[in-house]
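Novice: Numbering (the working numbering), first residue to last: 240 to 377.
Ideal placement from N, C-alpha and C gives every residue a C-beta, glycine not left out.
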């Protein structure tokens with residue numbers, strides 16, 4: 240990947256629905272260049288998919304947290320795939336150290352937060368977890 244690929248990905252992170260002509264204009268290249276680059280990034284698995292960001296209606300009323308997860312067993316890829324499908328996770332990251340994964344949690348209520356934690360903790364392939372609520376910016 241070169242600088243243009245990185246810039247293209249950055250623009251797609253801002254607006255995954257941007258059209259090829261719009262991206263070409265923002266990047267200062269031809270439409271064909273953008274289309275070729277996108278096709279290659281998708282074919283190579285660099286771009287795994289496109290997503291939707293929801294409008295931040297009541298961000299101050301949402302429950303946010305971080306969940307550290309330790310995995311066990313042979314089906315690690317399957318467990319990670321199941322975790323990624325959870326709508327309560329804003330993001331899921333691999334990490335080093337004691338924990339295998341760190342999940343960013345963003346849910347509308349404490350009841351939903353509890354449901355999410357309970358469901359994750361009983362999943363096959365999860366050996367241990369630790370969760371922290373995010374109270375606000377420091």
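Starting from residue 343, trace the beta strand (DSSP E) both ways and give me its first and last residue.
Specialist: Run containing residue 343: 340–346, per the beta strand (DSSP E) assignment.
Novice: Closer than 7 Å by C-beta to residue 371: which residues in its own chain qualify, once you throw out the five before and the five after it? Chain order, please.
Specialist: Taken in chain order, the residues that qualify are 304 and 305.
Novice: Using the DSSP secondary-structure output, state which residues sit across from residue 328 in a beta bridge.
Specialist: In the DSSP output, where bridge partners are listed per residue, residue 328 has 344.
Novice: I'd like to know if the segment 353–369 and the segment 312–322 are in contact, where contact means that at least 3 CB-CB pairs between them fall below 8 Å.
Specialist: At 8 Å Cβ cutoff, the stretches touch.
Novice: In whole angstroms, what separates the C-alpha of residue 357 from that of residue 349?
Specialist: Approximately 12 Å, taken between the alpha carbons.
Novice: Taking 8 Å as the cut-off, decide whether the C-beta atoms of residue 280 and residue 339 are in contact.
Specialist: Not a contact, by the Cβ cut-off of 8 Å.
Novice: Figure out for me which residue from 278, 271 and 308 has the closest Cα to the Cα of residue 322.
Specialist: Ranking 278, 271 and 308 by Cα distance to residue 322 puts 308 first.
Novice: Just verifying my parser: in three-state terms, what is the DSSP assignment at residue 369?
Specialist: Strand at residue 369.
Novice: By alpha-carbon positions, which one of 368, 333 and 254 ends up nearest to residue 194?
Specialist: The shown model of the chain, from 240 to 377, leaves out residue 194, and the question about it has no answer.
Novice: Span of the beta strand (DSSP E) holding residue 375?
Specialist: That residue, residue 375, is in no beta strand (DSSP E); it is neither H nor E in DSSP.
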